[in-house]
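Notes for the one structure printed next.
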Amino acid sequence: DAGVIQSPRHEVTEMGQEVTLRCKPISGHNSLFWYRQTMMRGLELLIYFNNNVPIDDSGMPEDRFSAKMPNASFSTLKIQPSEPRDSAVYFCASSFTSGRAYVDTQYFGPGTRLTVL
Amino acid sequence: TQLLEQSPQFLSIQEGENLTVYCNSSSVFSSLQWYRQEPGEGPVLLVTVVTGGEVKKLKRLTFQFGDARKDSSLHITAAQPGDTGLYLCAGVRGGGADGLTFGKGTHLIIQP
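As given, the protein sequences belong to chains A and B, one line each in that order. Those letters in the first sequence? Residues 502 to 618, by the numbering used here. Those letters in the second sequence? Residues 28 to 139, by the numbering used here.
In structure tokens:
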């Protein structure tokens with residue numbers, strides 16, 4: 502079975518450019534999460550969706566970041582304009598929320614390594 | 028503010044030794060998870076602990092959730108080179124589909 506798919510795996514861009522990261526969750530999952538990982542701050546939750554609706558975006562650093570989930574099988578994280586401090590590995594994760602489990606299992610994609618020069 | 032503090036940050040030991048890594052917080056979590064991450068990959072869930080005082084075993088790995096549900100530990104017996112990786116603890120404050128709060132992790136290297 503395919504896991505969470507992220508693209509691109511690596512992105513190098515120059516400061517000021519727009520960057521779009523893509524995620525395809527596991528089929529049948531109804532929750533999707535975007536995380537960012539750096540050495541300094543570790544793994545941080547940026548935003549998460551349930552049934553394609555954004556539930557909590559309090560982790561989004563600033564207005565330069567935006568995320569969408571137009572349907573159950575696709576999500577994007579956009580940075581415009583990008584800055585060097587945005588350099589990090591961005592992970593997408595998905596889970597199936599039944600409402601009965603105490604906590605759901607999140608399945609992570611392989612990540613997108615973003616470098617902003 | 029880092030809600031979950033993990034220690035040690037880095038640990039390098041010889042194959043066959045035992046080790047314990049810790050995850051501490053001043054906040055109460057409804058449950059806590061441990062993940063292992065290898066270079067170039069996303070974290071993979073090892074275990075979820077829910078009840079204060081709970082102990083779970085996964086082969087040579089033993090996980091414990093503190094009585095007050097604020098801290099946890101991971102003990103590895105007879106470590107092997109295949110145990111090398113980044114071990115992350117993650118707290119869940121709500122339930123269900125809530126996002127996770129991660130510690131910065133413990134980088135573990137097991138030398139043959």
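Glycine is no exception: its CB is placed at the ideal position from the N, C-alpha and C atoms.
Bridge partner(s) assigned by DSSP for residue i
i: Lys83 of chain B; result: B:Phe90
i: Glu65 of chain B; result: In the DSSP output, where bridge partners are listed per residue, Glu65 of chain B has none listed.
i: Pro628 of chain A; result: Any question about residue 628 of chain A goes unanswered here, given that chain A covers just 502 to 618.
i: Phe609 of chain A; result: A:Ala594
i: Thr514 of chain A; result: A:Val617
i: Glu545 of chain A; result: A:Arg537
i: Lys525 of chain A; result: A:Ile506
i: Glu32 of chain B; result: B:Asn51
Interface flag, residue i vs chain A, CB-CB below 9 Å
i: Lys131 of chain B; result: yes
i: Ala117 of chain B; result: yes
i: Thr111 of chain B; result: no
i: Asp125 of chain B; result: yes
i: Val48 of chain B; result: no
i: Gln91 of chain B; result: no
i: Val55 of chain B; result: no
i: Gly67 of chain B; result: yes
i: Ser58 of chain B; result: yes
i: Val82 of chain B; result: no
i: Thr128 of chain B; result: yes
i: Pro139 of chain B; result: no
i: Pro140 of chain B; result: Examination of residue 140 of chain B is not possible in this model, given that chain B is present from 28 through 139 alone.
Chain B within 9 Å of residue i, Cβ atoms only
i: Val604 of chain A; result: yes
i: Pro611 of chain A; result: yes
i: Gln607 of chain A; result: yes
i: Val505 of chain A; result: yes
i: Gly543 of chain A; result: yes
i: Gly560 of chain A; result: yes
i: Ala594 of chain A; result: yes
i: Leu546 of chain A; result: yes
i: Asp557 of chain A; result: yes
i: Phe566 of chain A; result: no
i: Phe534 of chain A; result: yes
Closest Cα partner of residue i within the set the options
i: Ala573 of chain A; options: A:Gly517, A:Ser508, A:Thr514 and A:Cys524; result: A:Cys524
i: Gln538 of chain A; options: B:Arg120, B:Leu115 and B:Gly109; result: B:Leu115
i: Leu59 of chain B; options: B:Pro66, B:Gly126 and B:Asn45; result: B:Gly126
Nearest-angstrom Cβ-Cβ length linking residue i and residue j, presumed shorter than 8 Å
i: Val604 of chain A; j: Val119 of chain B; result: 5 Å
is_contact[residue i, chain D] using C-beta, thresh 9 Å
i: Pro108 of chain B; result: The chain labelled as chain D is not found among the protein chains of the depicted structure, namely A and B.
> Do three or more CB pairs link the segment 548-567 of chain A to the segment 575-589 of chain A at distances below 8 Å?
Replying inline: yes
> Is the segment 540-549 of chain A close to the segment 42-52 of chain B, with three or more CB pairs under 8 Å?
Replying inline: no
>> If contact is defined by three or more beta carbon pairs under 8 Å, each pair taking one atom from either stretch, is the segment 62-81 of chain B in contact with the segment 28-41 of chain B?
In response: no
> Does the segment 84-92 of chain B come close enough to the segment 64-72 of chain B to have 3 or more Cβ pairs within less than 8 Å?
Replying inline: no
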